[in-house]
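With the UniProt record's numbering applied, the sequence shown covers 1 to 348. Glycine included, C-beta positions come from ideal geometry on N, C-alpha and C. Quick caveat: nothing in here was measured; it's all calculated off a predicted structure. The structure appears below as structure tokens.
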Amino acid sequence: MDLSLIQSIDTQNMWSFLEAFPKQWEEARAQTEEIEFTIDADRVRTICFVGMGGSAIGADLIRAYCYDSCPYPIQMLRHYELPRWVDEHTLIIGCSYSGNTEETLTAVDRARARGAQAMAVTSGGALMLKAAKEGFDYIKIPGGLTPRAALGYNFVPLFRICQYLDIINEDEAEALEETNQLLAEQNGLLANSEDNEALSLAEKLDDTLPIVYSDSTMLEPVNLRWREQFEENAKTLAYGNTLPEMTHNEIVGWERIVHLTGRLSVIMLVDREDNERVKQRMKIVEELIKDQTASLHLFETRGKSRLARMFSLIQLADWTSFYLAILNSTDPTPVAKIDLLKRKLAEA
């Protein structure tokens, strides 16, 4: 792919944000290494993350990362309203890159009214002002990016919170370092606009509807990240589901897609920790649907630590969606319909 073509379409330089992701990860590590918290960890019996869109995906990843190591429930909330169980034993963590996400601000207020401990991860805005005024912990992260391009800044502080709460079961320092090295190594390949795995995949996905399948544990938020990046960067609808659930319903829907045969591309994400029966189900699903797809692609995680393995596929998703945007002559950065929706809400 010609670099001058990329530059003519990518007017707000999403390329540079993707290319700088390993550096962002390294900066986030350094900025949070000596951070101190005042929350009472012994009081925490549930964690409730609250956030929307690109500000929420880091929390989704943390929840999946700790799914078998945290001794109490972790909930991801994308709404104004709280579950009934939120109380004084809940730690609510507001995740808003801008600091002005109304759903997040509302939920944090309501949780604090019930006696919950609170924390915030934000670049500023009303959420940071609230934390400073009301005296609860917050981590200020660098601003100036789109939320989806700030995943390192969003995720690493949440990882540090989990370290403090002692709910991670692998060597944290090693996991962070390995992930940093893997991101840098992969970036050197994926940023090569002439020939790379992400560009090749984007070319096969062009003019099709991407469908992403994965196990429902560790890779579920990675699956979500793929879809969200297709939608925001490439401005194309994407669909996804998880196993084993889809083998109890959705698989039947593939029986009547004559009008879509050759228009659907399937991406299967797999990891060595996937349940053995789910692995078998994935193979059978592949056999059952492959002839009805425009293309079917299977990607395995890379790396030793769980953290590195998750981010190995996230980075591939980010670059694939970028190249797909360029193939569609679409600037990957603007999100015009989101901006319009916010303006209409402000007028309502």
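CB-CB under 7 angstroms to residue 64, same chain, minus the five flanking residues each way: which ones, in chain order?
Counting only Cβ-Cβ distances below 7 angstroms, and skipping sequence neighbours, we find 217, 218, 220 and 221.
In chain order, which alpha helix (DSSP H) runs of at least 4 residues are fully inside the stretch 169-228?
172-190 and 197-205
Would residue 202 and residue 190 be called neighbours here (beta carbons separated by less than 7 angstroms)?
Their beta carbons are not under 7 angstroms apart, which means residue 202 does not touch residue 190 by this criterion.
Are the beta-carbon atoms belonging to residue 120 and residue 138 less than 7 angstroms from one another?
yes
In the DSSP output, which residue or residues are listed as bridge partners for residue 297?
267
Do you know whose CA, among 136, 269, 91 and 273, lies nearest residue 286's CA?
269
Does residue 240 come out as helix, strand or coil in the three-state DSSP assignment?
strand
How is the beta strand (DSSP E) around residue 121 delimited, first residue to last?
117-122
Please name the residue in 60, 172, 312 and 40 whose C-alpha comes closest to that of residue 48.
60
What's the C-alpha gap between residue 237 and residue 206?
Roughly 12 angstroms separates the two Cα atoms.
Check the C-beta distance from residue 14 over to residue 332 and give it rounded, since I have them as a contact under 8 angstroms.
4 angstroms
Quick one: what does DSSP say residue 153 is sitting in, helix, strand or coil?
Residue 153: helix per DSSP, three-state reduction.
Which residue's Cα is closest to the Cα of residue 291: 10, 89 and 264?
264
Restricting to runs no shorter than 4 residues, where is the alpha helix (DSSP H) found entirely within the stretch 18-52?
21-32
What is the DSSP secondary structure of residue 55, reduced to helix, strand or coil?
Three-state DSSP puts residue 55 in a helix.
Would you call residue 156 buried or exposed, if buried means 16 or more other Cβ atoms sit within 10 Å of its Cβ?
buried
So residue 281 packs on residue 330, CB below 8 angstroms; how close in whole Å?
Contact flag wrong, Cβ pair sits at about 35 angstroms.
I need the straight-line Cα distance from residue 136 to residue 44, nearest angstrom please.
Each residue's alpha carbon lies about 15 angstroms from the other.
Per DSSP, which residues does residue 74 bridge with? Please list them.
In the DSSP assignment, the residues bridged to residue 74 are 47.
Starting from residue 318, follow the beta strand (DSSP E) in both directions and report where the run begins and ends.
No beta strand (DSSP E) holds residue 318; the alpha helix (DSSP H) holding it covers 306-327.
Among 316, 204 and 251, which has the Cα closest to the Cα of residue 295?
204
Can we say the stretch 144-164 touches the stretch 21-40, given the rule of at least three CB pairs closer than 8 angstroms?
Of all C-beta pairs linking the stretch 144-164 to the stretch 21-40, three or more are shorter than 8 angstroms, placing the two stretches in contact.
Is it right to say residue 12 is buried, meaning 16 or more other beta carbons lie within 10 angstroms of its own, or is it exposed?
Looking at its Cβ environment, which holds fewer than 16 other Cβ atoms inside 10 Å, residue 12 is exposed.
Alpha carbon to alpha carbon, how far is residue 316 from residue 129?
36 angstroms
Cβ atoms of residue 278 and residue 215: under 7 angstroms apart, would you say?
yes
What residues in its chain sit with their C-beta under 6 angstroms from that of residue 323, if we drop five residues either side in the sequence?
198, 199 and 202
I'd like the span of the alpha helix (DSSP H) that includes residue 90, first residue to last.
It is not in any alpha helix (DSSP H) - residue 90 instead sits in the beta strand (DSSP E) that spans 90-96.
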